[in-house]
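Visitor:
2 protein chains.
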Amino acid sequence: MNHNISLQNVSISSSMQCCNCNLNSLCMAVSLDLSEMSKLDRIISRGKPMRKGQLLSTQGENFISVFALKTGSVKTYTTSAEGDEQITGFYFPGDLIGLNGIHSGTCPDSIQALETTTACKIEFEQLDQLSVDLPKLRRQILKTMSKDICNEQNMLQLLANKNSDERVATFLLRLSNRFKARGFSESRFRLPMSRNEIANYLGLTVETVSRVFTRMQKNGFILVNNKEIQIVELKALLKLANNTA
Amino acid sequence: MNHNISLQNVSISSSMQCCNCNLNSLCMAVSLDLSEMSKLDRIISRGKPMRKGQLLSTQGENFISVFALKTGSVKTYTTSAEGDEQITGFYFPGDLIGLNGIHSGTCPDSIQALETTTACKIEFEQLDQLSVDLPKLRRQILKTMSKDICNEQNMLQLLANKNSDERVATFLLRLSNRFKARGFSESRFRLPMSRNEIANYLGLTVETVSRVFTRMQKNGFILVNNKEIQIVELKALLKLANNTA
DNA sequence: ATTATAAACTGATTCAGATCAACTTTTTGT
DNA sequence: ACAAAAAGTTGATCTGAATCAGTTTATAAT
Numbered sequence: 030m031n032h033n034i035s036l037q038n039v040s041i042s043s044s045m046q047c048c049n050c051n052l053n054s055l056c057m058a059v060s061l062d063l064s065e066m067s068k069l070d071r072i073i074s075r076g077k078p079m080r081k082g083q084l085l086s087t088q089g090e091n092f093i094s095v096f097a098l099k100t101g102s103v104k105t106y107t108t109s110a111e112g113d114e115q116i117t118g119f120y121f122p123g124d125l126i127g128l129n130g131i132h133s134g135t136c137p138d139s140i141q142a143l144e145t146t147t148a149c150k151i152e153f154e155q156l157d158q159l160s161v162d163l164p165k166l167r168r169q170i171l172k173t174m175s176k177d178i179c180n181e182q183n184m185l186q187l188l189a190n191k192n193s194d195e196r197v198a199t200f201l202l203r204l205s206n207r208f209k210a211r212g213f214s215e216s217r218f219r220l221p222m223s224r225n226e227i228a229n230y231l232g233l234t235v236e237t238v239s240r241v242f243t244r245m246q247k248n249g250f251i252l253v254n255n256k257e258i259q260i261v262e263l264k265a266l267l268k269l270a271n272n273t274a
Numbered sequence: 030m031n032h033n034i035s036l037q038n039v040s041i042s043s044s045m046q047c048c049n050c051n052l053n054s055l056c057m058a059v060s061l062d063l064s065e066m067s068k069l070d071r072i073i074s075r076g077k078p079m080r081k082g083q084l085l086s087t088q089g090e091n092f093i094s095v096f097a098l099k100t101g102s103v104k105t106y107t108t109s110a111e112g113d114e115q116i117t118g119f120y121f122p123g124d125l126i127g128l129n130g131i132h133s134g135t136c137p138d139s140i141q142a143l144e145t146t147t148a149c150k151i152e153f154e155q156l157d158q159l160s161v162d163l164p165k166l167r168r169q170i171l172k173t174m175s176k177d178i179c180n181e182q183n184m185l186q187l188l189a190n191k192n193s194d195e196r197v198a199t200f201l202l203r204l205s206n207r208f209k210a211r212g213f214s215e216s217r218f219r220l221p222m223s224r225n226e227i228a229n230y231l232g233l234t235v236e237t238v239s240r241v242f243t244r245m246q247k248n249g250f251i252l253v254n255n256k257e258i259q260i261v262e263l264k265a266l267l268k269l270a271n272n273t274a
């Protein structure tokens, strides 16, 4: 019986294992060997595709699992008591999301698909248990959280100091870098989020974001066609962002 | 010989052990039993007092240790390429600092004493190793990082959405809560940081912070005497902060 | 296809907080 | 104790982005 199940697993999911996932260099599976990866595989459940707008988790619900994005993109956001929404991040394939729920035991933010998205789901307790035997995995979890903290700190710097041009330029350059790291074009990409979402994330209004895009296009730095962005003058954009991509 | 050393340890440091530290309910040692705590004790080195302005660690240097504050207070800040400083946090006794260096292997920010301050220093590799055998310690480290992420996200919300009154009110209320958690008065406390540092942290100018303090005092919400703050009308302050302390 | 609805853009006006400048108080060093 | 430097406060003015309002373009629904 056990044998049966395992055969089934193999046949169904040959392309659904960490070792075959083309994201393992970005994801938790980085630097794990085959036997370690198969242990990780055993505690991962692969979700079916979610449509735009669907929630991967909801602010306030019990913290049980973390998620690793396979395809698509999501935003995380918190809703304040007065009901206004603050986007805290955008995430792409390979990103591990949800670790910020550990300390309170509840999800501090909602995770929503920006487009058709698939994600792997991992029960945190199992992941933590597995991390005892797999130092590389343990380190990877800590690295992910450490990086999250640094990213948020970079955002603080952006919001505390920078004007609208600098914010938008930095935003585009960071996206560009993240797409590049995933093997996509760094100079031509599609924004999965709306202008409103960009504005919210950057602490600006939609109007301002729109104006900055228009101005950057007029100056020949970028080409904008609705959500399609092309970076034409990387250097100029870097200068606008004060080289702090 | 071994015996000798251990005797010495006991005699010198009876009050210098986690189990005798009045902060262990806030610090890593939370919920560890005596034998677990003594293991933690063995890898902790207690630093001598640092004076105001001294650096606990410097941005860019190799990441080796994390710190647990015993007394005093510190700020963490990053210095950008152009040389301007962004304060990313203020920390008080019991806080564990420096975990954000894990992912890059270098310290992403500098940690500076705001007053006379003592801190325990723990080599991260040893802490990580110890966490394998002490699930509660492992969990505590993850909780600390998770909470850090949430704190930064709260700051994002503050900087992206709130006006100067809301920022300063929220700042004071959060400080009040943290002092309360440490057994100090929640309604009367001394700010260890300058107006400049508050302004920098909150994404405002010194002038604006000063004006907000003055206005709050005129309205009878707080009493300000240089760095001494007294919260007179908690409710009014909460309302100013939109109840998001 | 066609309408309804939402998202995005553009212009005019307003305003909160930055900037500039002067002064007062506190802290530091001799 | 004193001078010098730093920190903090207050007022006047300016400005970048918010707000308000209207139009255009894209997306969704029938």
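So the protein lines, in turn, are chains H and Y. Numbered according to our numbering, the first sequence spans residues 30 to 274. Numbered according to our numbering, the second sequence spans residues 30 to 274. Note that the Cβ used here is the ideal one computed from N, Cα and C, for glycine as well. Quick caveat, the model's predicted, so the values are computed rather than measured.
Closest Cβ-Cβ distance between T234(H) and chain Y: below 7 Å?
Guide: Position 205 of the first sequence, counted from the first residue, corresponds to residue 234(H). Not closer than 7 Å to any Cβ of chain Y, the Cβ of T234(H) fails to qualify, so no.
Visitor: Strictly by DSSP, which residues pair up with E262(Y)?
Guide: In the second sequence, the residue the question calls residue 262(Y) occupies position 233. Per DSSP, none; premise fails for E262(Y).
Visitor: Identify every residue that forms a DSSP beta bridge with M79(H).
Guide: Taking the first residue of the first sequence as 1, we reach residue 79(H) at position 50. DSSP output for M79(H) lists T146(H) as bridge partner(s).
Visitor: For the beta strand (DSSP E) holding N254(H), just list the boundary residues, first then last.
Guide: Within the first sequence, residue 254(H) is the residue found at index 225, counting from 1. It spans I251 to N254 - the beta strand (DSSP E) in which N254(H) sits, taken as one unbroken run.
Visitor: Report yes or no: is there a C-beta of chain H within less than 7 Å of the C-beta of C136(Y)?
Guide: As a first step, residue 136(Y) must be located in the second sequence, where it is residue number 107. So, not an interface residue.
Visitor: Does any residue of chain H bring its CB to less than 7 Å from the CB of V161(Y)?
Guide: Working through the second sequence from its first residue, we reach residue 161(Y) at position 132. Output row for V161(Y): interface = yes.
Visitor: Taking R219(Y) as part of the alpha helix (DSSP H), name the residues at either end of that continuous run.
Guide: Here residue 219(Y) refers to the residue found at position 190 of the second sequence. Unbroken run through R219(Y) is the beta strand (DSSP E), R217 to R219; no alpha helix (DSSP H).
Visitor: Just list the residues that DSSP pairs A97(H) with in beta bridges.
Guide: By 1-based counting over the first sequence, the position of residue 97(H) is 68. Answer is L125(H) and C149(H).
Visitor: Mind pulling the chain Y residues with CB within less than 7 Å of I131(H)?
Guide: Position 102 of the first sequence holds residue 131(H). L171, K172 and S175, listed in chain order.
Visitor: May I have the straight-line CA-CA distance separating L61(H) from L52(H), to the nearest angstrom?
Guide: The residue labelled residue 61(H) in the question sits at position 32 within the first sequence. The residue labelled residue 52(H) in the question sits at position 23 within the first sequence. Their Cα atoms are separated by approximately 13 Å.
Visitor: Report yes or no: do three or more beta-carbon pairs, one from the segment 110-129 of chain Y and one from the segment 174-182 of chain Y, lie closer than 8 Å?
Guide: Output reads yes: the segment 174-182 of chain Y touches the segment 110-129 of chain Y.
Visitor: Measure how close the beta-carbons of V5(Y) and N225(Y) come, nearest whole angstrom, since I'm counting them as under 8 Å.
Guide: Outside the displayed range of chain Y (30 to 274) lies residue 5(Y), so it cannot be described from this structure.
Visitor: Over what stretch of residues does the beta strand (DSSP E) that includes T298(Y) continue unbroken?
Guide: Past the boundaries of the shown model lies residue 298(Y); chain Y is included only from 30 to 274, so the question cannot be answered.
Visitor: Could you tell me which chain H residues have their CB closer than 7 Å to the CB of I151(Y), listed as they occur along the chain?
Guide: To locate residue 151(Y), count along the second sequence from 1; it is residue 122. The contacting residues do not exist; I151(Y) stays about 14 Å from chain H at best.
Visitor: Helix, strand or coil for F119(H) per DSSP?
Guide: In the first sequence, residue 119(H) corresponds to position 90, counting from 1. Here F119(H) sits in strand by DSSP.
Visitor: Look up E114(Y) in the DSSP assignment and give the residues it is bridged to.
Guide: Translated into positions along the second sequence, residue 114(Y) becomes position 85. In the DSSP output, where bridge partners are listed per residue, E114(Y) has T108(Y).
Visitor: In the DSSP output, which residue or residues are listed as bridge partners for T135(Y)?
Guide: Position 106 of the second sequence, counted from the start, is the residue given in the question as residue 135(Y). Beta-bridge pairing links T135(Y) to N91(Y).
Visitor: Could one say the Cβ of A189(H) lies closer than 7 Å to chain Y's Cβ atoms, at least one of them?
Guide: The residue labelled residue 189(H) in the question sits at position 160 within the first sequence. Yes, because at least one Cβ of chain Y sits closer than 7 Å to the Cβ of A189(H).
Visitor: Which of the three DSSP states is assigned to N33(Y) in this structure?
Guide: Residue mapping note: residue 33(Y) aligns to position 4 of the second sequence, counting from 1. Residue placement at N33(Y) is poorly supported in this model, since its pLDDT is 36, which falls under 50; the coordinates still yield a value, given next. Looking at N33(Y) - three-state DSSP - the assignment turns out to be helix.
Visitor: According to DSSP, what are the bridge partners of Q155(H)?
Guide: Walking along the first sequence from the start, residue 155(H) turns up at place 126. None; Q155(H) has no bridge partner.
Visitor: Within 10 Å of its beta-carbon, does L220(H) have 16 or more other beta-carbons around it, so buried, or fewer, so exposed?
Guide: For the purposes of this step, residue 220(H) is taken as residue 191 along the first sequence, with counting starting at 1. So L220(H) ends up on the buried side.
Visitor: Shorter than 7 Å from the beta carbon of N49(Y) to some beta carbon of chain H?
Guide: On the second sequence, residue 49(Y) is found 20 positions in, with the first residue counted as 1. False, the Cβ-Cβ gap to chain H never drops below 7 Å.
Visitor: Find the nearest neighbour of G118(Y) within the set N255(Y), A228(Y), V253(Y) and Q259(Y), judged by alpha-carbon distance.
Guide: As a first step, residue 118(Y) must be located in the second sequence, where it is residue number 89. Among N255(Y), A228(Y), V253(Y) and Q259(Y), the Cα nearest to that of G118(Y) is on A228(Y).
Visitor: So, using beta-carbon positions, are N100(H) and S139(H) closer together than 7 Å?
Guide: As a working note, residue 100(H) is residue 71 in the first sequence. As a working note, residue 139(H) is residue 110 in the first sequence. The residue asked about is misnamed: residue 100(H) is Thr in this sequence, not Asn. No, Cβ-Cβ distance for T100(H) and S139(H) is not below 7 Å.
Visitor: Determine whether the Cβ of A97(H) lies closer than 7 Å to any Cβ atom of chain Y.
Guide: If you number the first sequence from 1, residue 97(H) lands on position 68. By this cut-off, A97(H) is not an interface position.
Visitor: Return helix, strand or coil for L204(Y), following the three-state DSSP convention.
Guide: Within the second sequence, the letter at position 175 stands for residue 204(Y). It is helical.
Visitor: Report yes or no: do three or more beta-carbon pairs, one from the segment 190-209 of chain Y and one from the segment 194-206 of chain H, lie closer than 8 Å?
Guide: Touching, no, given that fewer than three Cβ pairs across the two stretches are closer than 8 Å.
Visitor: By alpha-carbon positions, which one of G123(Y), Q246(Y), A142(Y) and G232(Y) ends up nearest to G212(Y)?
Guide: To locate residue 212(Y), count along the second sequence from 1; it is residue 183. Per the Cα distances, G123(Y).
Visitor: For the segment 141-153 of chain Y and the segment 107-115 of chain Y, state whether three or more C-beta atom pairs, one from each stretch, are separated by less than 8 Å.
Guide: Flag = no, the segment 141-153 of chain Y and the segment 107-115 of chain Y do not touch.
Visitor: So I72(H) and L166(H) are in contact, right, with Cβ under 8 Å, and what is the actual spacing, rounded?
Guide: On the first sequence, residue 72(H) is found 43 positions in, with the first residue counted as 1. On the first sequence, residue 166(H) is found 137 positions in, with the first residue counted as 1. Not quite, the Cβ-Cβ distance comes to about 11 Å (not below 8 Å), so this is no contact.
Visitor: Quick check on the DSSP output: the beta strand (DSSP E) that includes L166(H) runs from which residue to which?
Guide: In the first sequence, counting from the first residue as 1, residue 166(H) sits at position 137. It is not in any beta strand (DSSP E) - L166(H) instead sits in the alpha helix (DSSP H) that spans P164 to N190.
Visitor: Going by Cα to Cα distance, which pick from R244(H), A198(H) and H132(H) is closest to Q169(Y)?
Guide: To locate residue 169(Y), count along the second sequence from 1; it is residue 140. Nearest C-alpha to Q169(Y): H132(H).
Visitor: Comparing the C-beta of Q88(H) with each C-beta of chain Y, is any distance below 7 Å?
Guide: Within the first sequence, numbered from 1, the residue matching residue 88(H) stands at position 59. Q88(H) does not count as touching chain Y.
Visitor: Could you compute how far the alpha carbon of K264(Y) sits from the alpha carbon of Q46(Y)?
Guide: In the second sequence, counting from the first residue as 1, residue 264(Y) sits at position 235. In the second sequence, counting from the first residue as 1, residue 46(Y) sits at position 17. Whole-angstrom Cα-Cα distance: 40 Å.
Visitor: From the DSSP output, in three-state form, read off L61(H) for me.
Guide: If you number the first sequence from 1, residue 61(H) lands on position 32. Residue state, collapsed to three classes: coil.
Visitor: Rounded to whole angstroms, what's the CA-CA distance from D162(H) to T105(Y)? Just pull it up for me.
Guide: Residue mapping note: residue 162(H) aligns to position 133 of the first sequence, counting from 1. Residue mapping note: residue 105(Y) aligns to position 76 of the second sequence, counting from 1. Roughly 34 Å separates the two Cα atoms.
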